[in-house]
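Chemist:
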Amino acid sequence: FHFIFLPPYSPQLNPIERLWKWLKDEVIANVFHKDQNDIAQSITRFEQYVLQHPDEVLRRMGCAV
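The numbering of the sequence shown is our numbering, which starts it at -5 and goes up by one.
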């Protein structure tokens, strides 16, 4: 039994972090939302875009398309 020490934050090792960054950059950062419902609607629109553009999602996550 031994410990393996991992870096505290390694987004390059976790591809989903790229998707979260894209979401934050497109939906949250520098955007005024009047209330939580407005944020939820923006996230829903982002989700719909992601579902309609799988090639872009794979490209942004660093996968070969």
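A virtual CB, placed ideally from N, CA and C, is assigned to each residue, including glycine.
(1) If you drop the 5 nearest sequence neighbours on each side, which residues of the same chain put their C-beta closer than 7 Å to that of Met55?
(2) To the nearest angstrom, how far is the alpha carbon of Lys18 from that of Ile(-2)?
(3) DSSP three-state label for Tyr43, please.
(4) Go ahead and pull the three-state DSSP assignment for Asn31.
Modeler: On the basis of the data shown:
(1) Within the sequence shown, numbered from 1, the residue matching residue 55 stands at position 61. Taken in chain order, the residues that qualify are Pro9, Arg12, Leu13.
(2) Taking the first residue of the sequence shown as 1, we reach residue 18 at position 24. Taking the first residue of the sequence shown as 1, we reach residue -2 at position 4. Using only the alpha carbons, I get a separation of about 31 Å.
(3) One-based indexing of the sequence shown puts residue 43 at position 49. Of the three classes helix, strand and coil, the one that applies to Tyr43 here is helix, per DSSP.
(4) Within the sequence shown, numbered from 1, the residue matching residue 31 stands at position 37. Helix at Asn31.
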